[in-house]
Amino acid sequence: AQSVAQPEDQVNVAEGNPLTVKCTYSVSGNPYLFWYVQYPNRGLQFLLKYITGDNLVKGSYGFEAEFNKSQTSFHLKKPSALVSDSALYFCAVRDMDTGFQKLVFGTGTRLLVSP
Amino acid sequence: DTEVTQTPKHLVMGMTNKKSLKCEQHMGHRAMYWYKQKAKKPPELMFVYSYEKLSINESVPSRFSPECPNSSLLNLHLHALQPEDSALYLCASSPPGLDHGEKLFFGSGTQLSVL
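Those protein sequences? They're chains A and B, same order as listed.
So the first sequence is residues 1 to 115, counted in my numbering.
So the second sequence is residues 1001 to 1115, counted in my numbering.
Structural data, given as structure tokens:
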């Protein structure tokens, strides 16, 4: 079965500093990886995906993610954090066992950006 | 129109009630999803409809009954729910083609409380 792990429940960072939200994956075959963000009382919003190609993937709102096959990681990064980036971030992987339509989400990491 | 609209936003129901959740999108997406999200947990897939046909049922109890009357509309009929079914119910859709099932567009959800 495909799975992702987010080892940090919460990440705190000061505004203007770089941020990293960690994700590791466990898959059979090539991974299809995603990051979504959830603001309070809202649904999830797609940030970016890795299917194949460059290991550095650029996404929405200035976020990017680095795919590292040897470390089985897909960490989300941003060079300069904003207070408005404070939200819940989910890493996800496509579950190839059930076809292309099922995403399995990690447990989520709450990002708090202080002014 | 780039939104997935869910109604109602909040719902309180007794264990003997029958209610329905509604989801609508007008983006031409041909896959629609129901996810369940408990507090401080990741979303969990319940059902997937692809081209108006049920393609995935994640062993959801029969007290939850999905319906996809057309390509723009998805319903979730609720009957004889239990208090543990209280959760945020998220609808999502995804476009056909290469991104089918990968980039999900989520609604804001229905917060359901079962008394």
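Virtual Cβ for every residue (Gly too), placed ideally from N, Cα, C.
So which of the options has the shortest CA-CA distance to residue i?
i: N1017 (chain B); options: B:K1053, B:M1032, B:A1039, B:P1083; result: B:P1083
i: N30 (chain A); options: A:V21, A:N17, A:T52, A:P18; result: A:T52
i: V1012 (chain B); options: B:S1094, B:F1106, B:Y1089, B:S1072; result: B:Y1089
i: G59 (chain A); options: A:K102, A:P40, A:K77; result: A:K77
i: E1058 (chain B); options: A:T98, A:F46, A:Y50; result: A:T98
i: S1020 (chain B); options: B:F1105, B:G1107, B:L1074; result: B:L1074
i: Q101 (chain A); options: B:S1055, B:K1009, B:R1063, B:F1064; result: B:S1055
With distances taken between CB atoms, is the gap from residue i to residue j smaller than 8 Å?
i: F1047 (chain B); j: P1066 (chain B); result: yes
i: Q2 (chain A); j: V27 (chain A); result: yes
i: T109 (chain A); j: H75 (chain A); result: no
i: S1093 (chain B); j: L1112 (chain B); result: no
i: W1034 (chain B); j: L1078 (chain B); result: no
i: S114 (chain A); j: A14 (chain A); result: yes
i: G16 (chain A); j: G1109 (chain B); result: no
i: F63 (chain A); j: L1104 (chain B); result: no
For residue i, count neighbouring C-beta atoms within 10 Å of its own C-beta (all shown protein chains included) and say buried if the count is 16 or more, exposed if not.
i: A1031 (chain B); result: buried
i: Q71 (chain A); result: exposed
i: P18 (chain A); result: exposed
i: P1043 (chain B); result: buried
With DSSP run on the structure shown, which of helix, strand or coil describes residue i?
i: T109 (chain A); result: strand
i: V37 (chain A); result: strand
i: E1084 (chain B); result: helix
i: V1114 (chain B); result: strand
i: M1013 (chain B); result: strand
message = If contact is defined by three or more beta carbon pairs under 8 Å, each pair taking one atom from either stretch, is the region 79-97 of chain A in contact with the region 25-39 of chain A?
response = yes
query = With contact counted as at least three CB pairs below 8 Å, one residue from each stretch, are the region 78-87 of chain A and the region 1020-1031 of chain B in contact?
reply = no
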